[in-house]
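Undergrad: I'd like to ask some things about the structure below.
Residue numbers (my numbering): 21 to 95.
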């Protein structure tokens, strides 16, 4: 079994690590440096004239990914 741990700093790419459950010491090290359990969500497909925007929020000590579809600004 794998854990997905992630760390996010505003303005930087998401640092996502897939770690085998048997690597307990490494998991502890990652958590001690700010990594949280990661809860991914499937990215929706936008229609023409829309954009898909990702959000990352800490909820109950986990980093939760969500998406929303927004209308593009008129040109």
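Heads up, the beta-carbon is just placed ideally off N, CA and C, and yes, glycines get one too.
Cα-Cα, which of 68, 85 and 30 is closest to residue 58?
TA: Here residue 58 corresponds to residue number 38 of the chain shown, with the count starting at 1. Of the listed residues, the one whose Cα sits closest to residue 58 is 85.
Undergrad: Could you give the distance in angstroms between the alpha-carbon of residue 83 and the alpha-carbon of residue 23?
TA: If you number the chain shown from 1, residue 83 lands on position 63. If you number the chain shown from 1, residue 23 lands on position 3. Between residue 83 and residue 23, the C-alpha separation is close to 13 angstroms.
Undergrad: If you check the beta carbons only, do residue 78 and residue 88 fall under 9 angstroms apart?
TA: Position 58 of the chain shown, counting from 1, holds the residue named residue 78. Position 68 of the chain shown, counting from 1, holds the residue named residue 88. It is not a contact, given that the beta carbons lie outside the stated cut-off.
Undergrad: May I ask which residues mark the beginning and end of the beta strand (DSSP E) holding residue 171?
TA: Nothing can be reported for residue 171, as the shown portion of the chain is limited to 21 through 95.
Undergrad: Under 6 angstroms Cβ to Cβ from residue 45, same chain only, skipping five residues before and after it: list those, please.
TA: Residue numbering aside, residue 45 sits at position 25 when the chain shown is read from its first letter. The beta carbon of residue 45 sits closer than 6 angstroms to no other beta carbon from its chain once the five residues preceding and following it are set aside.
Undergrad: Starting from residue 34, trace the beta strand (DSSP E) in both directions and tell me its first and last residue.
TA: Looking up residue 34 in the chain shown gives position 14. Element bounds for residue 34: n/a, residue is neither H nor E.
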